[in-house]
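Numbering (this note's numbering), first residue to last: 13 to 467.
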Amino acid sequence: MLDEPTNHLDVEGILWLEKLLRMEPLAFLAVSHDRYFLENVANRIIELNRSYPAGVFDVHGNYSDFLERRDEALRGQARYQETLANRVRGEIEWLKRGPKARTRKSGARIQDAARLQAELASVSGRLATRTARIDFTASERRTKRLLVAEQIEKRFGSRTLFAGLSVTLSPGMRLGILGRNGSGKTTLLRVLAGEVPVDGGTIERADGLRVVYLDQHREQIDSRVTLRRALAPDGDQVVFGDRPLHVAAWARRFLFSAEQLDMPVARLSGGERARVAIARLMLRPADVLILDEPTNDLDIPTLEVLEESLLEFSGAVVLVTHDRFLLERVSTVVLALNGTGGAAVFADYRQWEVAQDRQPVVAERVGGAARAAAKAPSGLRCLSYAERREWEQMEATILAAEQVLDACRAAAHDPSVAADASALHERYTALHAAQDRVDRLYARWAELEAKQTPS
Numbered sequence: 013m014l015d016e017p018t019n020h021l022d023v024e025g026i027l028w029l030e031k032l033l034r035m036e037p038l039a040f041l042a043v044s045h046d047r048y049f050l051e052n053v054a055n056r057i058i059e060l061n062r063s064y065p066a067g068v069f070d071v072h073g074n075y076s077d078f079l080e081r082r083d084e085a086l087r088g089q090a091r092y093q094e095t096l097a098n099r100v101r102g103e104i105e106w107l108k109r110g111p112k113a114r115t116r117k118s119g120a121r122i123q124d125a126a127r128l129q130a131e132l133a134s135v136s137g138r139l140a141t142r143t144a145r146i147d148f149t150a151s152e153r154r155t156k157r158l159l160v161a162e163q164i165e166k167r168f169g170s171r172t173l174f175a176g177l178s179v180t181l182s183p184g185m186r187l188g189i190l191g192r193n194g195s196g197k198t199t200l201l202r203v204l205a206g207e208v209p210v211d212g213g214t215i216e217r218a219d220g221l222r223v224v225y226l227d228q229h230r231e232q233i234d235s236r237v238t239l240r241r242a243l244a245p246d247g248d249q250v251v252f253g254d255r256p257l258h259v260a261a262w263a264r265r266f267l268f269s270a271e272q273l274d275m276p277v278a279r280l281s282g283g284e285r286a287r288v289a290i291a292r293l294m295l296r297p298a299d300v301l302i303l304d305e306p307t308n309d310l311d312i313p314t315l316e317v318l319e320e321s322l323l324e325f326s327g328a329v330v331l332v333t334h335d336r337f338l339l340e341r342v343s344t345v346v347l348a349l350n351g352t353g354g355a356a357v358f359a360d361y362r363q364w365e366v367a368q369d370r371q372p373v374v375a376e377r378v379g380g381a382a383r384a385a386a387k388a389p390s391g392l393r394c395l396s397y398a399e400r401r402e403w404e405q406m407e408a409t410i411l412a413a414e415q416v417l418d419a420c421r422a423a424a425h426d427p428s429v430a431a432d433a434s435a436l437h438e439r440y441t442a443l444h445a446a447q448d449r450v451d452r453l454y455a456r457w458a459e460l461e462a463k464q465t466p467s
């Protein structure tokens, strides 16, 4: 049972987890707002939502299947609501005419009219969904070069996080940043925000540049204050878009009730704290939005609203996120850090993903095992006749083993055996055995390679 398993994982970690779960023979239940994760690993999706008559919507399939079925269901409910509303209007008109003879038949019709009105109220109440309203305020600055970083470098002790990195931010640009945990993504954001100095290179900012920064740990919010003070620090009103709003109305915009206003921030859930952080950002006009993992703890409807607001923001956006759907939809360019000083630029997330798939995985696995085998005693660095024959045939042996692995993987994912526990167990047992054989062959190949290395 997995509760938000992708939170705080980097993208490579999420891809690893997806691969692990796809090969898992046991059933698993996951709560997640990561839409690509749901698309890639789920074969049944259940949504809890008061919009449905039973409060749940159950679809056998992945996330895209769920979206299609949900859209059909909600359209059907909307048509039913319209039909019901027409019937209620007809009954109300009949009641207004006031039939003179209150017969048993007319009394039954009056009861039916009351039942229809109650049913319409129930359907209308269920379909009246609420989502947070997010709208970042841009300063509308006309400067084309908001921030220019030239050949910047940042070190952490003896380790170089990035070097020779150049970035120019202009209005309308949305820069997505990728990299493993610890590769320097947050440090780069803090450098661009002016919180941390560079160790090399230069950063030029437009005069009076307004930068709004959201940190991933929400440390800018004092957990000891009430929700009222967190949303409106200077009184019971906020000014949004040159218009004063009472704090209760501002709170409702982010799905908070008036009763919650005097609640300490420490008692709010992770998703509620995320909405508070976004509400505070919206009050500050910005030339550049710098967002570090803004999707943590947000539900999918709020994520969709966040995406729309970032697409409509006219300033520059710098975004670190592990939400691949958000990254692909919002970013106009992707910068990937490798954590050892290097960086690469990609047009979008998909281009980065393709580049990852093309990396020489075999060479990496063999090289890693060879480095381990290189520590063996020097007396073993000579192949026997049998070992040399084995080494010469190893490439073909691995190729055949990987073909078996592919066949086992296809058999394990065959939908026709999804409901047959016994057959499914047998196929996953064969899959794990095939994977183990491939791993052993690579390790053996590396060992034989290492033995040929001069000591």
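No residue lacks a Cβ here, since even glycine has one placed at the ideal position from N, Cα and C.
Check	Outcome
Find out if the Cβ-Cβ distance for the pair Phe-358, Tyr-48 is shorter than 8 Å.	no
Between Gln-228 and Thr-199, which are expected to be in contact by the criterion C-beta below 8 Å, what is the C-beta distance as a whole number of angstroms?	Rounded, the Cβ-Cβ distance is 12 Å, inconsistent with contact.
My assumption, with CB atoms under 8 Å, is that Gly-353 sits in contact with Arg-192. Please give the rounded CB distance.	Incorrect: roughly 14 Å between the Cβ atoms, too far for contact.
So what does DSSP say about Pro-37, is it helix, strand or coil?	coil
Just to confirm, is the Cβ distance from Phe-473 to Arg-287 under 8 Å?	As displayed, the chain neither begins before 13 nor continues past 467, which places residue 473 out of reach and without an answer.
If you draw a straight line from the alpha carbon of Leu-417 to that of Glu-30, how long is it in whole angstroms?	18 Å
According to DSSP, is Asp-70 helix, strand or coil?	strand
Between Asp-335 and Asp-46, which are expected to be in contact by the criterion C-beta below 8 Å, what is the C-beta distance as a whole number of angstroms?	6 Å
Report the rounded CA-to-CA distance for Leu-190 versus Ala-398, giving the unit in angstroms.	47 Å
Identify whether Lys-156 lies in helix, strand or coil by the three-state DSSP scheme.	coil
Starting from Ala-175 and walking both ways along the alpha helix (DSSP H), at which residues does that stretch end?	From DSSP, Ala-175 is part of no alpha helix (DSSP H) but of the beta strand (DSSP E) over 171–181.
Could you tell me which residues DSSP puts in a beta bridge with Val-23?	The partner list for Val-23 (beta bridge, DSSP) is empty, contrary to what the question assumes.
Under three-state DSSP, which class holds Ala-431?	coil
What distance in whole Å lies between the Cβ atoms of Val-53 and Glu-16, which are believed to be in contact at a cut-off of 8 Å?	Incorrect: roughly 14 Å between the Cβ atoms, too far for contact.
Does DSSP classify Tyr-361 as helix, strand or coil?	helix
In its own chain, which residues sit with a C-beta less than 8 Å from the C-beta of Thr-180, not counting the 5 before and 5 after it?	Arg-157, Leu-159, Val-160 and Ala-161
Grouping DSSP H, G and I as helix and E and B as strand, with all else coil, what is Thr-199?	helix
Is the segment 411–426 touching the segment 443–458 in the sense that three or more CB pairs, one from each, lie closer than 8 Å?	yes
Can you look up Tyr-225 in the DSSP assignment and give me helix, strand or coil?	strand
Compare the Cα-Cα distances from Ser-41 to each of Glu-59, Glu-24 and Ser-396 and report the closest residue.	Here residue 41 turns out to be Leu, not Ser, going by the sequence shown. Of the listed residues, the one whose Cα sits closest to Leu-41 is Glu-59.
Starting from Arg-241, trace the alpha helix (DSSP H) both ways and give me its first and last residue.	239–243
Please state whether DSSP places Arg-377 in a helix, a strand or coil.	At Arg-377, the pLDDT of 49 sits below 50, so the modelled position is not reliable; the number obtained from the coordinates is stated separately. Reduced to three states, the DSSP call for Arg-377 is helix.
Name the DSSP beta bridge partners of Thr-12, please?	The question about residue 12 has no answer here: the residues shown for the chain are numbered 13 through 467.
Measuring straight from C-alpha to C-alpha, what distance separates Ala-205 and Val-366?	31 Å
Whose C-alpha, out of Leu-295, Val-330 and Glu-402, is nearest the C-alpha of Gly-253?	Leu-295
Here's the rule: buried if 16 or more other CB atoms are within 10 angstroms of the residue's CB, otherwise exposed. What is Ala-10?	Since the first residue shown for the chain is 13 and the last is 467, residue 10 is missing from the structure and cannot be characterised.
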